[in-house]
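Quick note: the sequence shown, position 180, residue 180 per UniProt numbering, numbers continuous.
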Amino acid sequence: MHAITIPEPGGPEALVWAEVPDPVPGEGEVLVDVAAAGVNRADVLQRQGVYPPPPGAAPYPGLECSGRISALGPGVTGWAVGDEVCALLAGGGYAEKVVVPSGQLLPIPEGVDLVTAAALPEVTATVWSNVFMISHLRPGETLLAHGGSSGIGTMAIQLAKAVGARVAVTAGGPEKLAACRELGADVLIDYREQDFVEEVRRATDGVGADVILDIVGAKYLARNVETLATNGRLAIIGLQGGAKAELNLASLLAKSAAVTATGLRGRSPAQKAAIIAAVQEHVWPLIAGGRVRPVVYRTIPMRDAPEAHRLLESSEHVGKILLTT
């Protein structure tokens, strides 16, 4: 098969379309012929040499894909050759074929085509696990989603609105904020010109955000805690603004607030399977009912993955970028 390899870490040009050995499914795994793969920030970090795949994962980038099952490993039940699926991966999505633990497979949601489905596994699993399973966002509460126009942000807006929450977002510029508004965001904050702490306070009559979904990390830590409501929950899922920051714990204690930081890629197959099962139970019916939809900015041939990474790093996009085989 062919896959995107990384002979040496570097810029987008480090991504090389090359012939590699076909993967073989092991116990509890299936082989998927890839139709499309989602492009994520973690793929950029892997390309740069700072985020290697976990032990046992395929060496190629790609944390989600869609396609058709072409072979079943020993012990797999509930799936058949020819089934159309999308999948959460620890790596290997930028390839013509990938091996997936069967617990990380999802059927294609009703109303979504095979290619577009590649935009769903990573964002739905990330948002559902952090905003709902860990932070327990409830109807009537306020969610602040940083990077509202990103793949994660566009899904967070829709899922929060679907359960009856109010949504504030930060994004850069009027076009991205307009896209967030179309998806249901209630409070639109241009982080280039506005202070999100003050804007959230104003919008909530001084109460603050009950849950914050943060992709920035260190740069926003103190201000995020300042923005939290009493009993608020801050979920950190990215470090685009750095990994180290100082925090006055008294401010956290005063609000009886909580800070969590989670990654998805390094979790065990059992943990991922539990998240995927929750996504299928809670999110897939919302997609089938038309209340939540994948947001795809552009599809690009997989052999042109360097172009996709340049586009992702430019931050021009709204929603997901996909690679097609």
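Glycine is no exception: its CB is placed at the ideal position from the N, C-alpha and C atoms.
Task: Pairwise C-alpha distance: Gln158 and Glu27 - done: 36 Å
Task: Start and end residues, beta strand (DSSP E) containing Ala87 - done: Glu84 to Leu88
- [ ] Would you please state the rounded distance, in angstroms, between the beta carbons of Thr227 and Ala203? I believe it to be under 8 Å.
- [x] Rounded, the Cβ-Cβ distance is 11 Å, inconsistent with contact.
Task: Bounding residues of the alpha helix (DSSP H) (the contiguous stretch that carries Ile157) - done: Gly151 to Ala162
Task: Ordered list of beta strand (DSSP E) runs contained in the stretch 2–55, each at least 3 residues - done: 2–5, 16–19 and 29–38
Task: Own chain, CB closer than 6 Å to Pro25, minus 5 neighbours either side, in chain order - done: Leu31, Ala71, Gly73 and Val99
Open item on the list: Which same chain residues end up closer than 7 Å to Tyr94 when comparing Cβ atoms and leaving out the 5 residues on each side of it in sequence?
Closed with: Ala3, Ile4, Ala37, Tyr60, Pro61, Gly62, Met302, Ala305 and Leu323
TODO: For Ile287, name the three-state secondary structure that DSSP assigns.
DONE: helix
Task: Test item: CB-CB of residue 335 and Trp284 under 8 Å - done: This structure leaves residue 335 out entirely; the chain is present only between 1 and 325.
Open item on the list: Can you give me the C-alpha to C-alpha distance between Val259 and Val197, rounded to a whole angstrom?
Closed with: 17 Å
Open item on the list: DSSP has Pro107 in a bridge; who is on the other side?
Closed with: Val85
TODO: Using a threshold of 8 Å, state whether the C-beta atoms of Ala160 and Leu137 are closer than that.
DONE: yes
Task: Validate contact between the stretch 207–224 and the stretch 235–247 using beta carbons, cut 8 Å, 3 pairs - done: yes
Task: Reference Gly82; option with closest CA among Ala162, Leu89, Arg68 and Val187 - done: Arg68
Open item on the list: Is the separation between the beta-carbon of Val115 and that of Thr299 shorter than 8 Å?
Closed with: yes
Open item on the list: Quick check on Ala80: buried or exposed, where buried means 16 or more other Cβ atoms within 10 Å of its Cβ?
Closed with: exposed
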